[in-house]
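Visitor: Using the numbering used here, you'd call the opening residue of the sequence shown number 1 and step up by one each time. We put the beta carbon where it would ideally sit given N, CA and C, even for glycine. Predicted, not measured: the structure shown is a model, and the values here were computed from it. What follows is a single structure, and I will ask about it in a moment.
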Amino acid sequence: MPLTTIIDVLFPKCCFGCDNHLLRNQDFLCVQCLHQLPFTFQHLHSENEAHQRFHGRLRLKNCSCLLYFTKTGFVQQVFHHLKYKNQPQISYYLGQIYASQLTDCPWLQTVDIIIPVPLHTKKQSIRGYNQVNGFAEALSDHFNIPIDYHLLTQDIYTVSQTRKNLFERTKTNQLRFNIHAQPLHQGKHFLILDDILTTGGTLESCGKKILEIPNSSISVLCLAQTQ
């Protein structure tokens with residue numbers, strides 16, 4: 001019996017959505033879960049619900065999310081594996097799916113630099129990776145857009161903000177991020193990436209920092225959005 005077959009029998013790959021065993025040619029999600037992914041298709045509509053979350057708060061050129069996220073849905077299981085089960089490759093996998101949807105979006109041809117929302121160095125050291133970086137790499141590979149990992153830094157360590165409301169998050173986020181811009185960043189269109197859009201407080205703070213750069217503009221993409 002081939003070694004790969006033995007490994008598949010002893011350590012079968014399981015779907016991150018439903019825990020069923022995956023076939024050898026499947027990665028992360030089974031065919032059933034892949035077909036049930038709750039895509040938003042927001043990229044087809046400039047005035048979508050994700051964009052509307054930032055009205056009056058942040059000047060965006062474009063904004064959309066790949067999936068709808070609910071705490072009881074199987075998408076929650078996928079993101080739990082991404083963030084807490086040492087599965088950073090899920091980020092690249094979902095990023096590839098999103099890149100294929102975004103291929104014909106003309107505004108992406110105007111993006112100069114991709115900015116993944118940074119983690120504090122302590123949190124990234126504990127987790128071992130930034131769960132947004134794979135998403136950034138997938139889009140960079142597909143659209144040939146450079147990534148800047150150092151323009152924004154998160155210099156204040158915070159505990160999870162999932163239970164905070166918009167006001168509490170915004171108050172915390174105003175102090176978290178710093179920008180390290182150079183003259184070469186002036187006049188650029190920046191694409192900010194995050195994993196899950198909730199209140200938008202983190203992205204608002206990141207975006208406002210980037211808009212301190214003269215003549216800059218920003219767009220936002222996320223892998224999922226809470227409903």
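Alpha carbon to alpha carbon, how far is Tyr149 from Ile115?
Guide: So the two alpha carbons sit approximately 7 Å from each other.
Visitor: Where DSSP assigns a beta bridge to Phe79, which residues make up the other side?
Guide: Paired residues: none, contrary to the question.
Visitor: Which partner residues does Ile115 have in the DSSP bridge list?
Guide: Ile115 pairs with Ile192.
Visitor: Within a Cβ cutoff of 7 Å, which residues of the same chain sit near Asn20, ignoring the five residues on either side of it in sequence?
Guide: Excluding residues within five positions, the ones whose Cβ falls inside 7 Å are Cys14, Cys30.
Visitor: Rounding to the nearest angstrom, what Cα-Cα distance links Asn25 and Pro88 in this structure?
Guide: In a straight line, the C-alpha of Asn25 is about 19 Å away from that of Pro88.
Visitor: Just to check, is the beta-carbon of His43 closer than 8 Å to a non-hydrogen atom of the ligand PLP?
Guide: Inclusion of the ligand PLP in the displayed structure is not the case, the ligand content being empty and no account of it being possible.
Visitor: Using the beta-carbon count (16 or more within 10 Å), is Gly17 buried or exposed?
Guide: It counts as buried.
Visitor: Which whole-angstrom value describes the C-beta separation of Ile210 and Ser219, a residue pair presumed to lie in contact below a C-beta threshold of 8 Å?
Guide: At roughly 11 Å, the Cβ-Cβ gap does not stay under 8 Å, so Ile210 and Ser219 are not in contact.
Visitor: Which residues mark the beginning and the end of the beta strand (DSSP E) in which Asn178 is found?
Guide: Unbroken beta strand (DSSP E) run through Asn178: 177-179.
Visitor: Since Ser46 is in the alpha helix (DSSP H), which residue starts that stretch and which ends it?
Guide: Run containing Ser46: none; DSSP gives neither H nor E here.
Visitor: The beta strand (DSSP E) that contains Thr226, what's its start and end?
Guide: Unbroken beta strand (DSSP E) run through Thr226: 217-226.
Visitor: For my contact list, Thr70 and Gln227 are in at a C-beta cut-off of 8 Å; report their separation, rounded to the angstrom.
Guide: The Cβ separation is near 6 Å, so the contact holds.
Visitor: Considering Cα atoms alone, identify which of Leu22, Thr202, Leu184 is closest to Leu151.
Guide: Among Leu22, Thr202, Leu184, the Cα nearest to that of Leu151 is on Leu184.
Visitor: Considering Leu102, what are the terminal residues of the alpha helix (DSSP H) in which it resides?
Guide: 89-102 is the span of the alpha helix (DSSP H), which, as asked, contains Leu102.
Visitor: Identify whether Ile145 lies in helix, strand or coil by the three-state DSSP scheme.
Guide: Looking at Ile145 - three-state DSSP - the assignment turns out to be coil, as it is neither helix nor strand.
Visitor: Helix or strand or just coil, what does DSSP make of Tyr157?
Guide: Three-state result, Tyr157: coil.
Visitor: Under three-state DSSP, which class holds Leu60?
Guide: In the structure shown, Leu60 sits in coil (DSSP, three-state: anything other than H, G, I, E or B).
Visitor: From Thr40 to Leu67, what does the alpha carbon distance come to, in whole angstroms?
Guide: Rounded to whole angstroms, Thr40 to Leu67 spans 5 Å at the Cα level.
Visitor: What residues in its chain sit with their C-beta under 6 Å from that of Lys61, if we drop five residues either side in the sequence?
Guide: If we look at Lys61 and ignore the five residues flanking it on each side, its Cβ neighbours are Ser217, Ser219.
Visitor: Note down, in chain order, each residue of its chain lying with its Cβ closer than 6 Å to the Cβ of Pro2, except the 5 sequence neighbours on either side.
Guide: In this prediction, Pro2 scores a pLDDT of 47, lower than 50, which makes its location untrustworthy; the coordinate-derived value is nonetheless stated afterwards. Excluding positions up to five away in sequence, the list is empty.
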